Structure formats: structure tokens, C-alpha cells
């Protein structure tokens, strides 16, 4: 793999940038692979990379229906944090955060992981109590997190209005300083480049149209570029999970919803932390405010946003930061998130032998990419769930052992219950 | 005296009798009424008005329209300042103050221009390949400060914004010739029509092109047509209104500018902008087209403008961007610029046309006028740092793919007008879900097909001649009106006609070939604002970023404030050439709303501040006049406590709680959810909904119950009363007030349609005031309700209906405090009066208003759970000590099946218990972790207080296998100190409930 | 912003309605007799199709009536609206 560095840029600059190598090959699919990963987003590419790197399984294909990184990886607001409540979740997401911390070096590609801190604000005593619980739980698990006073919140966000005429008040908050944002595309590209260098075939514009099964085991996949034989298939296809499950003959506890994001025009720095909550907002290095909120209110694969959510988000934003009123919002878009009843992912065995699931991330997929890839690769390589993801099995919807993280998603628990 | 050096003699559409003063970058200038900031800057010979985003290259005005990507400035002062306004869209007013962005100290002289020297080392995506040693954080701060354009105000917005819902049969977007004829013809059929145009004046190109319609000056036709439209009752014409979003089912959003000044509202405290939410039966898109720049070396210098813009400035604003203008084109349309300039007396030094010599009307006219015509030539270099000085031209070979060596020469000129053809404004069409196709004749993407009820007319279709626009508008306007349900009229007027039917003979020219073997790709700008060059796109292709989305993301082309209105198609074409594909095969990225950036305040509208309706409010307003401290509790603003001078918050809370234990307290529980359940099957229905047995409840009695979802989790709790055999009143938590009623209604309508039950949510209709404490009965008796309140006649868990001065009143004897309590339900309008009456009557008994915080202490002392505090989404009744219903209740209820799953029967589940810290004065923050001896996390404190009644610190906690641990000792981890606490039942105060039956 | 033709009130904006998820999910007649798997399937498993989806809606800020409809989850086009207690019309129902 071509090593990136300031020197390499300088060298290429002197030759007019004519000799940069390709980031990845564009191979035609072979007739057989040891492992086929369906989905060329962050999770699929990371899985392929770790299969090759950690398990020496290099005869791997990543099949991508469109362009790699084009699903939720390239559509999300790129927040990375591990401030969850359940020990199962905290362990998993913190592994992910740790991997993110070393990822630029690991992949020799700057994913621009900016650990500027993720802040949540309590607007009621009840929220403050819940945050105190979260912080205690995180600290006990050895994960840095701390409560913030109103003064500290004001220091971190000078434009924040602590008490609004709407009645909203500020009681305090908490921060995970290691949390932050990364450049979403770079994560996909970095993994793709590194996986490709290890021999993984990344095949874009290759849609999976069906599966070949024999005695309840998978033996191959049918694609728009022909049939491929394989005995191990990993599905990492946010926004298409239910569709592929249907092709395989089972159903999933997933509802696909449109999740919107929007950006403002770029301005000089006004917000140096990531604010999480019913809306989440951060300022990109380019200067745009990047904003998101809850999902739209009915299931959809449309990948386009609706107006009511934008209106809600902007109203929320101005309640917190009235100074942004005259700023202009520049673009809105949407991704399709696969939500589960407990806001935790589904990973591990599927009802079909040889087919493994990596889905149901809801709004948490991006931050989970490195750990998702690492544990999923281990699961596929060894034919059993990695211990960190054992609890995320599909089986939990039969046993009732749900891992509720609705409260960590900013979504309304009460609604989720009914 | 006004000195507009670049002003022409022709009249234009400006009013020279009205001089307007304005300031740009601290210097004072003058313009005229009718100018835009851009035309006024040009009139004053201001060449450099901005700097580019990445390399800080000096930039002048490029266009005259919304597509402007260079002249992006800050307008206004102080709190009224707006960042990133397009100078071409800011109407000049007296006293306007504007300044450049992204530069220091000024656009004219910018320190950061030094980046330009290193541009070679800053190719697309360079930051992804560098800045990682030792860590991105080392570099990020610097990059962040360098990025961003304007500066946000830190003062509150002095203006406000509104919204309006609109409906019409036909919505016409775009008030140019095609849009106006479409509106006229739709209106003629009888449809209600809305005609929007983004500019302050309707007319589109007619405002600045020299055309004729129906044998007269097109401007005259325009004025007659607008007068006609104004006279029609079924037509609304909305100038200065830009359609920005096209959503499902023909829902279009538009932003209407209301203020005359760019940065202010309507004089006299009117709103600044209005968001229109338009639902149209049919939509006609007459959104026109945007001219695209030519791509050639150093094509971004001040003085290089779009050809149409040069014409626009000269004809409409009577300014010429230069004294000696050259034209660089690949089509015939652009020749108009040369002809019009000549007519105004501006020198046109050359027309550089990449096409080989051919015959056309325009070319002959140019020849007749003696213009120097360089057919088959391209521009290969330009000079002039802050203003164009010269362009270098060279002849192309027969195929147009290379330059003939050694034949180049320089032409002196201060302005270059360029035209690479036109890009239809297909943004809304694409947002609507419409598919685009590539039109090879005009080398642009045009609408193909769309499932929504919309049609497109005029230049957006690639119909560039005036005649085509008029004919299409006329034909389709009536067609969509008929499609919207109107009858075809007996007589239709003829379509207006124009002489203009010229062809453009466009020959695509996407970039400039290598010159003498040297590629100049790194100086050919494609995206001006984001500094993306042909070299960047080539690099993108070389590295494998070939998908149009990869291209956009890798090079940032089209992602600047202008969203690529001038650059996108050129970028796609360059990518096509780099990867041997046709432009059509490369495809476009999806066009996203909004078409133009929208003020955030406009999207929030009136839902800001007090009007944002964030919380529900109690019917009693006495609290807010008597030091009640309002706080959000479950979505309601409720008094947390009543502050008193000389008391701390804690003292106030304790005083209130003591009153409830020792005398009498009055609490506003109106947020309590209340649902009337009536009908012959009401008992059966509630029996399925509650885990409790409902059918055995006698009339006049009350019972506490829990509701589960079918996963077995507690969703709500509260008491329910049987008011009659077939009439129940169900109370829910404050949070569940709305959702539980809706949930019940859904069960009845969807799942149990055979049940005869009626659900009426009455939370807002009935207020609830709670009187609690040992003296509460004496207080209530003073009201003379005619109800025997003695425990024998009206014991705990009873209900009675009565009247107070003719007003219905329901009295519930229930208790959330552990003391004798009466909940009084009264129609909400009387709540405040009753509240004050009770305070008056209870004065002698020491009655004290009780806030949420004191109530919380009282309930914790009793160990009463609060749903959502003690319980989570996973908590079942079994976890909080309700093992009875599953085994004993014979009938099925919602959630029952889930409770028997093995997971729900596990011994190590989190269970509700009490904790008594050994340190009786210990303050335990809620959310404190509970650890076992090995310091493993086994639970957490859900509620806690320092109970004055028990003189102890007490906690409610959810602890793994908690019930089995009663009597043992666990650890509370507070800060770095561990505090031992004994596990107990959560009923701390009066555990047997004796006080309830006094 | 889709528009829904409420059977009682006519064409109204989506903001007046509440989405109720997949229609025709049958709660087991006698829950005690079904196994955990079947029960879990009733509780959680969903078709979630790309294309026509049969779903429940309620005109919450209108007549408060529930009804079923078939909506395309990509284009959001509504092809059929029918009473809550009726089976889906044959047309457009390609999910079984």
C-alpha cells in the first residue's frame, strides 16, 4: 500500500499529482470466495479488513450495490461516543472508540477523528438524575465521563442560552471528552483501501439478488454480476436488512426509518463541542453546523427528508442557540436507519447456517464501525459470536433479554414503549 | 456627486434621481435605486469583492443571479447582520453596509492569500493523507479557524419570521416568460394559480434581454401581462418568493422575503421572511437555466464573468463590468452579449469561439458589426491578479482536442464574458423524485419523467428560445389546469409569439486541453468557491473516486454555499472525460433541498421562545404569582417548590413536606392523566388492560393498577375508580396523559372491535387538587360538600361525586403521600378559585402549598414507585414486587404472556428495594451506583431523600436479585467513597399503612 | 409531507395523522398456549418491505379513527385505503 505522508504529498506535487495510485482495485468477482460480505459501507469494509488482517482470511469479497460508503456511512452526522448505559453496550462502544483513536495510524489515512467532547444537557431534574446514573456507570466501567455545572456548560458553549422564555431550563449536563466526530467518508475509504491492499476484492455496482441454500446452509449468492460460491456470508446492509432476510426466508425485528441530517452555511467557529440530545449538533471543520434529530414518523426507504422534522430541529436549535437565527441552512438529506425494539443492534447467527447478521444499528451504526467490523470478522472466522456481541443475538427477541438503549438515543422512551 | 465610473449612458431600469449611499469594506460608495449590491459594486469599479474558501484567491462578481459563487458577502450591521449573502441578490438601499468574508484585513488585501502559493501541495483530499502524526488534534484548531466564511452574531435576532399554509390548483414556479404564460393560460381555464418568482421583479430574462413579443417590446408585453395577472381574482403573484423544497404529494415550500431591506423586516415591526407551505394540485416548473462558466486556465480572475451576466448588467443596470470586453463562448446565444455591449458603446475586442467557422445569423451579425472573430480558438491563459489584464488565445485543431502549437497570442482586455452553455434549473424537479436525462444537443440534464403531478416549461426543459418558452408555457398552463379538474374553455387565446427562434449551435467544451504538452489542469477552476480545479477531479478519477458521489465528497465540488449551481455539470463532464464516459453516464448527484439556503429563523417560524409551546401548563396560575418555581416535570411546567424569603431551596422543600406530615398541604395534581371509560364492556376492557382484577371493583371504590405493554414492561400506573357500573375514571401518570388514551383507543378500534367501550381523555377538562395531611379532612369539611368524609363512610380508596356551589366536584380518597388525602376533581376553569378557597379555608389548619420536590420526599418515604424513575423500559411488575397477578388472575391481560418467559423469571433481575445508609445523614445523589462486596455494579439508586420524618437517609434502588438481599449490606459508591447501606423493603414510612385509614 | 385521504374527513396533511406500524398483526388467540418463539415473532418480527406496506394510521387530530392503507415505502405513494377490520385488497399486495 502506498504510504501517505506529508513527504509523499510533496513528492507527488512536484510531479503534478500524476502518479497517485488507485485507492482500490476494481476487480471482477471470482466464482468462489471463502467469505462474502454483503454491503460496502463502514461495517462491511471494516469486517473484510479485520478478516484479512486478524484472521488471515483474504479470499474475501465485499459486494456493494452502489458506490462504497454510500449508505448510512456517508449520510450520518459522524458522532463517536461510548457513553451508553448498559454494561454490554458500554464495553462494545468503548472498544469502538478506542479503535477509532488509533484508526488514522492503523489505516494510514486521516479519518479526522476530532475528540472535542460530546456534551448532553439536562433540562429537568429527571434528566440530571439519569445523567448522574450514566456518568457513575461509565466511570465504574473505567470510561471517562464527568458531570458539568451550568457554568461549565456556558464555558464550553458560549452561545448557549441556559434559560429560554419557552420555559426550558438548564440544570447541568455531562461530557465524554474522548467523544467527538470523524470524517465519515474517510472511514469507509480508509478501510476499503487497507482491505484492498490485503487482497480483499471490493466489488461496486454489484447487487445481491438471491442466495443459494442447501439443507438450511448457505452455499452461494446470486448477484447482478453472476453467481458466487461461498459457505460464509456476512450481511452488513443497513437499510436493506429486511429485504435480504426475506430473500433468505426469515424476518427481522427491524423497522426502517428515514433519519435526517442537515447542514448550515459554513461560519467561523461557534461551537467547539458536540452537543447531543433531542437534537444533536456539531460544527464541522469546514465550519458548517451539522444537525440531526429523531427519525421521521413512518417507515421509509426513500432516503429523502421531510419538512416537519426540519422545522422541529430548527425550532429546538434556536431555543438552545438563539444566535443562529439569521444563519442559513444549506442542505438536508436522509439515510435509512434500521431500528430495533430496544435500540440495540443484532449481530451473530441468523436462522440460516453460514449467514451472519450485522444489522439493526438504528442511529448508532457509524460509531460502532471499528468494533462492529472487528467482532463480526471474529464471529465469521470462528463460527460463533464474539463474546462482546453475544448479547446482541437475534435470539434475544425470543427470550425477551432485550438491551434497552432507547434512553441513549435521545428518542422518546414513552413512545417506544407503546 | 455620484461617480459611477462604469455606468453606461443607456437608461437601464435604475432610477438616477434616487442616489443610495452604501459602504463596502469600510469604504463609502453610491449607487441608484434599482441597483443590486453587485451592480453597484461594479458601477464603482470594485473588482475584488471576496476571497475563495480554500486558497483565498481574489474574486469578483461572476453572475447576476442566485447562482453567484464569488460575490458572497456579509450584509448589515450588529444583530441584523447576515452572513454569506449573494451580492447579486441584495437590493441596494440607502445606508447599506456590507463587508467581504473569509479574508483579513480586507478582500482587496488578504494575508491568507499566501495559501495560493502552496496550492500545489494542497490537492483534493490532501488533509486525509496528512495531518495524522502524531494526531489530527494538533492541526485541527488551525484548520477550523481558517475555515468558515462569515461570523455569526452573538446577539439575538431583532427580526421575526412567520409561516403560512397555502393551497392552489396550479403552482407556477418561476415568473419568466414561460411561467407567466403558463400562469395566464391556467388562470384562463379557471384554476386558482400561484405564481412565484425568486426576484423582487417578475419577468426573468425579459427584464434584461432585448426581445419582442407579439410585435412589441417584450418589456411592454411583460408589463401588460403582469397587470392582467394582477386583475385576476384567481391568481396570486408572489415576487421575491423562492421555492426551495419539493416534497411528497406535491408539497412545495417557498421563502417569501417581506422586508424591503435585505436585513430587516417589514417596516413597523413586520416579519422579515415567511415560509410558505404550499399544497398544489399541479405544479408547473418554469425555473429557467443558469449559464455555465468555461473551464480554462485562471478562469477565476476578477473581470471574468458569465456572458449573460455582462449583458444583464449592461441592459438592466446600465453598468459595464469593463471598458474592453472579450467574449469566450461555445454557442451562439452568447453573441448577444457582444452585440448588446456594442450597442451601448462598449468596446468588444474579440469573440473567441471554440467552434470552427460556421454559418449562423449571430455570427454574420457579429461580422457585420466588425467584431474581431476568432473561430476555433480557445483561451489558454489570463493575467491580472486583482483584475483581468490580458487573455492568451490559441487555435484549436480540427477535433478541438489540442491546440495548434506555436500559434498563441495575447489580447488586452479588462473583462472576459464567458459562456459554456446552459444548465437547466432542475433542482426542484429532481427533489420531486423526477428522473433526469442528458440532452446531447445542449449538453445538459433536463427533466425526463416524474411520478408527481408536475410539468416543466421553458429553459428548464432545454427550450432556450423565447418562442419555445412562450409556446410551452401557454400550452402546458391550460393542460395542467384541465388535469386539475377544470373544463377546457370554448375559446382560448393564442399563444404569444416572438421573433426569437435562433439556434444556439452549442458545441460542448468542458475543459481546456494541454498547451504545448503542458497540462494546465491545476489552474482551471471548476468550483470557484471551494477551489476545485480540473486537476483535483482528475486526481479523484485517478485514485478511484469515480462515482459522482465519490467525486463530490472527495473534491468537495458542489458543496459550498452555492451548492454547485455553476460548477456541478462541468465537474461531471470533466470526470466523464477522465474516465472515458459520456456525461450522461456519469450521472448527477441527487439534488437536495433547499434550492437556496434558508434562514434558520424562517424554518422555526413562530415556534421560538414563549410561543414554542414546549410544555403543558397547569390550570392554576396562583403558583406563578406566589413564588412557585416552575420546572419541567414530565412535560408539564409545575411548581418544584414555593420559595420563601430567608429560606434555602432545601428548607422550603422540607417545610412543605413537614406540613403534609403534620398538618395539611395542598398540591396541584392537575397534570395527572384522566380518562373516562364508559360502556357496557368497560369493565371487561379495563380487565384486559390492567394487570389487576377490575371486574370485582365496586361502584364508588378506587383501586391502584398497572398497565403493561405486550412485552410485559410497565408502561403506566395509577388509580382507577368505578363511578358507575359501566363508568370508570382511569388516572395515568402526567407523562402518560395523552399517550395512554390514544393507546386504549387503538386497542378498541383495531384489536377489540367487539367491545362496547368509549374512551374520553379529560385531563385538560378536569383539574385535580390534592389535599393531604392529618388535618386535611378538617379543611375539606369546611367546604360543606354534603359528603360524610368520615373514614367509616368514606374510607381510603373511595370516590364520591358532589357539587360545590353548583359546580361538579369529584372527591377521591387516595394517597400518594401516605397521609389521609383527598383528590378533588373540578372543571379546570374553576381550579384557580378552588385552590385559593382551600388555602383560605385551611389557613387555621396551617395549610401549605406543596411542590413537586416535597411530594417526591413524601412518596419516597412511602416507597411508592414512579413509572419512568424506578422503572425502565425493561421493568415488569414482578421486578417491583407484584408477583400476584400472573399466577392468580385468571383472565388474560396485555403483557401477561411475556412475564412467563424464562428471562422474565430470572432471579438476578433488577428488583425494587429500599436502602438505608448506615450514615443516617448521608446525602445520596440519585443515580448513585450500588455495588456488592467485590465492588461489582449490582444496581443503582433511583430515588433518594433525607427523611426528616424518619430522621434518616433513605433510597429506593433497583438492585440485582434485590429481594433476596433484604437484610444484607451493600455499598453506595459516592465520589471516591464507599458507604455501606442496608437493603430493606422500600416501604420506609408507616409500612403497614395505618395512617391511611385514620 | 404526504397527504392521506381519511375515509371520514377527506384529504389531509400527514401532520394530522399518527402512524401505527404494520397492519394485520394478529395477537395469538390464546397466548398461554404459544411458545416463546411464536410469541416473540408476534411481538417483534416485521415485514418492513421495500415497496408496498400495509399499515395502520389514525387521524389523531381529526376524527380519531384508525384505518388501514397500503403505502409504497420508497415513493410514499398510497394506493389503497381500507377499513381497519378488512383484509388488504388484492391489488398492490405483494407481501404475502
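Residue numbers (my numbering), protein chains in the order written: chain E, 1 to 418; chain B, 419 to 1416; chain C, 1417 to 1512. Just so it is clear, CB atoms sit at the ideal spot from N, CA and C, and this is done for glycine as well. For clarity, every value in this text was computed on a predicted model and none was experimentally measured.
Nonlocal neighbours in the same chain, by C-beta distance under 7 Å from residue 1206 of chain B, ignoring five residues either side: 1212
Per DSSP, which one or two residues make a beta bridge with residue 1420 of chain B? In the structure displayed, chain B extends from 419 to 1416; residue 1420 of chain B sits before or after that span and is not available.
Per DSSP, residue 469 of chain B is paired with what? B:476
Below-8 Å beta-carbon distance, residue 413 of chain E vs any chain C residue: With a pLDDT of 38 at residue 413 of chain E, under the threshold of 50, the predicted position of this residue should be treated as unreliable, and no value is reported.
If contact is defined by three or more beta carbon pairs under 8 Å, each pair taking one atom from either stretch, is the stretch 1263-1277 of chain B in contact with the stretch 1052-1070 of chain B? yes
Range of the contiguous alpha helix (DSSP H) that encloses residue 886 of chain B: 884-901
Scan the stretch 49-116 of chain E and note each continuous alpha helix (DSSP H) run of 4 residues or more that stays entirely inside, going in chain order. 87-101, 103-107
Which chain C residues sit within Cβ distance under 7 Å of residue 297 of chain E? 1435
State yes or no: is the beta carbon of residue 302 of chain E nearer than 8 Å to at least one beta carbon in chain C? yes
Please return the same chain residues whose Cβ sits closer than 7 Å to the Cβ of residue 1489 of chain C, not counting the five positions on each side in sequence. 1465, 1466, 1467, 1469
What would DSSP say about residue 1369 of chain B, mapped onto helix, strand or coil? coil
DSSP puts residue 504 of chain B in a beta bridge; with which residues? B:490
Is there a Cβ from chain E that is less than 8 Å from the Cβ of residue 1483 of chain C? no
Got a sec: is the Cβ-Cβ distance from residue 363 of chain E to anything in chain D below 8 Å? Although the question refers to chain D, the structure presented lacks it and instead comprises the protein chains E, B and C.
In chain order, what residues of the same chain lie with their CB nearer than 7 Å to the CB of residue 89 of chain E, ignoring the 5 residues before and after it? 344, 403, 405
Where residue 115 of chain E meets chain B, residues with beta-carbon distance less than 8 Å: 555
Thinking C-beta only, is residue 161 of chain E closer than 8 Å to residue 269 of chain E? no
Going along chain E in order, which residues have a C-beta closer than 9 Å to the C-beta of residue 1033 of chain B? 166, 167, 168
Does chain B have any CB closer than 8 Å to the CB of residue 1438 of chain C? no
Which of the three DSSP states is assigned to residue 384 of chain E in this structure? coil
N- and C-terminal bounds of the beta strand (DSSP E) containing residue 37 of chain E: 35-38
Run down chain C in chain order and give the residues with a C-beta less than 8 Å from the C-beta of residue 252 of chain E. 1461, 1462, 1464
Rounded to whole angstroms, what's the CA-CA distance from residue 822 of chain B to residue 812 of chain B? Just pull it up for me. 7 Å
Tell me whether residue 889 of chain B is buried or exposed, calling it buried when 16 or more other Cβ atoms sit within 10 Å of its Cβ. buried
Sequence-distant residues of the same chain with beta carbon closer than 8 Å to residue 1119 of chain B, five excluded per side: 1139, 1140, 1215, 1216, 1217
Of the choices E:137, E:185, E:253, whose alpha-carbon is the least far from that of residue 91 of chain E? E:137
Identify the continuous alpha helix (DSSP H) that holds residue 1439 of chain B and give its terminal residues. Absent from the model: residue 1439 of chain B. The displayed extent of chain B is 419 to 1416, so no value can be given.
Please state whether DSSP places residue 623 of chain B in a helix, a strand or coil. helix
Can you tell me which residues form a DSSP beta bridge with residue 714 of chain B? Paired residues: none, contrary to the question.
Just by C-beta distance, which residues in the stretch 1157-1180 of chain B are closer than 8 Å to chain C? 1160, 1163, 1164, 1167, 1168, 1169, 1171
Between the stretch 1008-1019 of chain B and the stretch 327-345 of chain E, can you find at least three pairs of beta-carbon atoms closer than 8 Å? yes
Min CB distance residue 174 of chain E to chain B below 8 Å: no
To the nearest angstrom, how far is the alpha carbon of residue 950 of chain B from that of residue 978 of chain B? 11 Å
Residues bridged to residue 282 of chain E by DSSP? E:290
Within the stretch 316-401 of chain E, note down every full beta strand (DSSP E) run reaching 3 residues or more, in order along the chain. 328-339, 346-349, 355-359
Kindly indicate if chain E contains any beta-carbon less than 8 Å away from that of residue 1311 of chain B. no
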